[in-house]
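Please read the structure below before turning to the comments.
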Amino acid sequence: MSETAMTAETAVLELKNLTTEFVTKRGNFRAVDDVSLELHAGKTLCVVGESGSGKSVMSRSILQIVDPPGRVTGGQALLHRHRTARAGDVDETVDLLRLNPKSKAIRNLRGRDIAMIFQEPMSSLSPVHRIGDQVGEAIRLHEPVSRKDARERALELLRKVEIPNPGKAIDQYPFEFSGGMRQRAMIAMALACNPTVLIADEPTTALDVTIQAEILDLIRSIQDDSDMAVLFITHDMGVVAEIADEIAVMRFGKVVETGDVYEIFEDPQHHYTQRLLNSVRELDHPSERRLAMRESRPVGKPILVSDSVSKVFGASKSWLGGEKKGLVAVDGAGLDLRSGENLGIVGESGSGKTTLGRCLQRVHEVTEGRILYTNAAGQERDLAPLTEDQLAQPWRDIRTVFQDPFSSLNPRMTIGQIIAEPLVVEGKLTGPQIRERVHELLDLVGLPVSAYMRYPHAFSGGQRQRVSIARAIAPNPRIIIADEATSALDVSLRTQILDLLLDLQERLDLSFILISHDIAVIRYFCDRIAVMFQGRIVETGETEAVCTAPQHEYTKSLLSAVPVADPRYRGHKQRVRYRETT
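As numbered in my numbering, residues 20 to 601 make up the sequence shown, in order.
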């Protein structure tokens, strides 16, 4: 059989010259530009590319659910229906783009033949309806079953996606579920009618690596059982290497390269694909720049120490004299940051990383313990008991770069005003001096002076994070706490930002605490690492030693869940699942 004939027989979904445009004041913007792809039964096609490449718009165009003012303006989305339905055999080809977006015909196909899992399960699930009702509704929309039968099927699906205690979970609300459980519930809804095609739009991006690994295993096992075709959209090349059969690389709305996963990883043809893979591979190893810096400038003595620090939220005493136990976010954490050092704090969501960082800066009051800070004059002081007025200088010395460069910048302020804000609060410089300092800071972070009068919306995510960094270093701090500072950025931008931080460290003699759930980022940037689990620091050590020979079972679990960006190692990594014993 020829390759062409085989493709024609096995394709489940074909996109031919798909084009989607958004109407703007400056004319039509083509978000998806002449895209042609094929999905095959039992296979996974991963669509990769950076933010704005058109991946998500392309996937939504298939089902005609693009948000206005976007609209599909050309092409075909051919669904080849080869399945046995309860009403009899179905064997036909439907062009989804020829159906009215609001018609019953396309609603009958959505969820039944083609299902979709969205990136953020909390915004995709109704907060006021129970999980069982939402899964049951997906069944009853397409099949003539009673509420009782739909509930039984929903219970069976919750078991299938391995939600703990499904008999109880079926009557719970989404806010009572963790992020991983909410995503499993979304998968249960998507699988309710045994679709032939599953579109997964960044379904693991917001999840920790351990939960991500479980979700990927779940999708793969369901696919093996049902011969379902999967269109998986992601920017994580490690995930691609783990699950893809074929890859399509998108840039500026166009597919620039397609092919077998092994061929593309081994010999990418397009320069953009090469750049993506090189960015990923850079993060597989410690930064050479950092290693060279440590040889010429070894780290010094501890300048910030947490001594048995605990933080409890919601604890109180009742008027009867009893005590209400609160949430223990940080439990007896002890670590130290040395002068000129990069210390990484790693762990899953809810492990206490961010809370510990805010305790170290004294944004949060500490329930127990000491925070010992040694200033530039060599004087040590406990920050824990200090009042807000007494913290003025430590807050200038210890600054934060936040996770989201979009929400952490005031959209009503110019870039110049944003960067100047800590200088204005400090009150030591005049207007012309502040302007000169802001120009200097823009140059330090690699932004043009022309950015001074512009607003945040005019900049990309990477540029906004550079603005956030400029604001953080404005008052000449000694310590920067970078809280997931690269997690919202594309992989090609992560190394740029990390290299910028290393450059600033060398120029300004900074010390860094980098909070992250991304092991690759920690390995690239940090000298030492502290691993957190349920508020406790369970392991500390030199980064390479911890990453290559972890001692604690939780650290082993965390590292074993990180996907390797090389399909040759697929299936060779032994997963370690950590269950704490009481």
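Every residue gets a Cβ at the ideal spot worked out from N, C-alpha and C, and that includes glycine. Here the structure is a predicted model, which is why all the values come from computation and not from measurement.
Quick check on residue i: buried or exposed, where buried means 16 or more other Cβ atoms within 10 Å of its Cβ?
i: arginine 490; result: buried
i: arginine 587; result: exposed
i: leucine 64; result: buried
i: threonine 292; result: buried
i: phenylalanine 196; result: buried
i: lysine 320; result: exposed
i: valine 42; result: exposed
i: methionine 77; result: buried
i: leucine 527; result: exposed
i: threonine 419; result: buried
i: glutamine 524; result: buried
i: alanine 232; result: buried
i: lysine 74; result: buried
i: glycine 446; result: exposed
i: isoleucine 516; result: buried
i: aspartate 243; result: exposed
i: alanine 477; result: exposed
i: glycine 554; result: buried
i: lysine 372; result: buried
i: aspartate 227; result: buried
i: glycine 186; result: exposed
Since residue i sits in a beta bridge, which residues does DSSP pair it with?
i: glutamine 95; result: Lys35
i: alanine 352; result: Val328
i: proline 494; result: Paired residues: none, contrary to the question.
i: alanine 134; result: Leu217
i: glycine 89; result: Phe41
i: lysine 273; result: Arg270
i: arginine 308; result: Paired residues: none, contrary to the question.
i: valine 51; result: Thr39
i: glutamate 399; result: Thr393
i: proline 321; result: Arg357
i: leucine 533; result: Gly363 and Ala501
i: isoleucine 252; result: Val66 and Asp220
i: aspartate 279; result: Glu265
Round the Cβ separation of residue i and residue j to the nearest angstrom and send it over; I've been treating them as touching at under 8 Å.
i: glutamine 422; j: glutamate 503; result: 4 Å
i: valine 280; j: valine 274; result: The Cβ separation is near 15 Å, so there is no contact.
i: lysine 330; j: threonine 386; result: 5 Å
i: alanine 584; j: arginine 300; result: 7 Å
i: methionine 208; j: valine 164; result: The Cβ separation is near 15 Å, so there is no contact.
i: glycine 481; j: leucine 512; result: 4 Å
i: isoleucine 532; j: cysteine 566; result: Isoleucine 532 to cysteine 566, Cβ: 18 Å. No contact.
i: isoleucine 206; j: leucine 235; result: Contact doesn't hold; Cβ gap of about 11 Å is too wide.
i: arginine 497; j: alanine 260; result: Wrong, their Cβ atoms sit about 40 Å apart, outside the cutoff.
i: valine 8; j: histidine 99; result: Absent from the structure is residue 8, since the part of the chain shown begins at 20 and ends at 601.
i: serine 530; j: glycine 359; result: 6 Å
i: serine 245; j: asparagine 213; result: 6 Å
i: serine 325; j: isoleucine 390; result: 6 Å
Reducing DSSP to helix, strand and coil, say where residue i ends up.
i: glycine 107; result: With a pLDDT of 48 at glycine 107, under the threshold of 50, the modelled position of this residue cannot be trusted; read the value that follows with caution. In the structure shown, glycine 107 sits in a strand (DSSP, three-state: E or B).
i: glycine 590; result: coil
i: arginine 166; result: helix
i: arginine 596; result: coil
i: glycine 450; result: helix
i: serine 197; result: coil
i: cysteine 378; result: helix
i: serine 506; result: coil
i: glutamate 525; result: helix
i: threonine 223; result: coil
i: phenylalanine 421; result: coil
i: aspartate 243; result: helix
i: valine 653; result: Residue 653 falls outside the range modelled here, since the chain spans only 20 to 601, and no answer is possible.
i: tyrosine 573; result: helix
i: isoleucine 15; result: There is simply no residue 15 to check, as the chain begins at 20 and stops at 601 in what is shown.
i: threonine 433; result: coil
i: alanine 211; result: coil
i: arginine 117; result: helix
i: phenylalanine 17; result: Outside the displayed span of the chain (20 to 601) sits residue 17, for which this structure offers no information.
i: leucine 346; result: strand
i: valine 458; result: The residue asked about is misnamed: residue 458 is histidine in this sequence, not valine. Note: histidine 458 maps to helix in three-state DSSP.
i: threonine 562; result: helix
i: isoleucine 84; result: coil
i: leucine 58; result: strand
Using only the heavy atoms of the ligand FAD, determine whether one of them is closer than 7 Å to the beta carbon of residue i.
i: glycine 481; result: In terms of ligand content, the structure shown is empty, and the ligand FAD therefore cannot be addressed.
Contact between the segment 373-383 and the segment 446-466 (3+ Cβ pairs under 8 Å): no
Cβ contact check for the segment 131-142 and the segment 211-219: 3 or more pairs under 8 Å: yes
Validate contact between the segment 423-443 and the segment 510-527 using beta carbons, cut 8 Å, 3 pairs: no
Validate contact between the segment 251-264 and the segment 171-185 using beta carbons, cut 8 Å, 3 pairs: no
Inter-stretch contact (C-beta, 8 Å, three-pair minimum) for the segment 221-240 and the segment 137-153: yes
Given 8 Å, three or more beta-carbon pairs between the segment 471-480 and the segment 392-406: no
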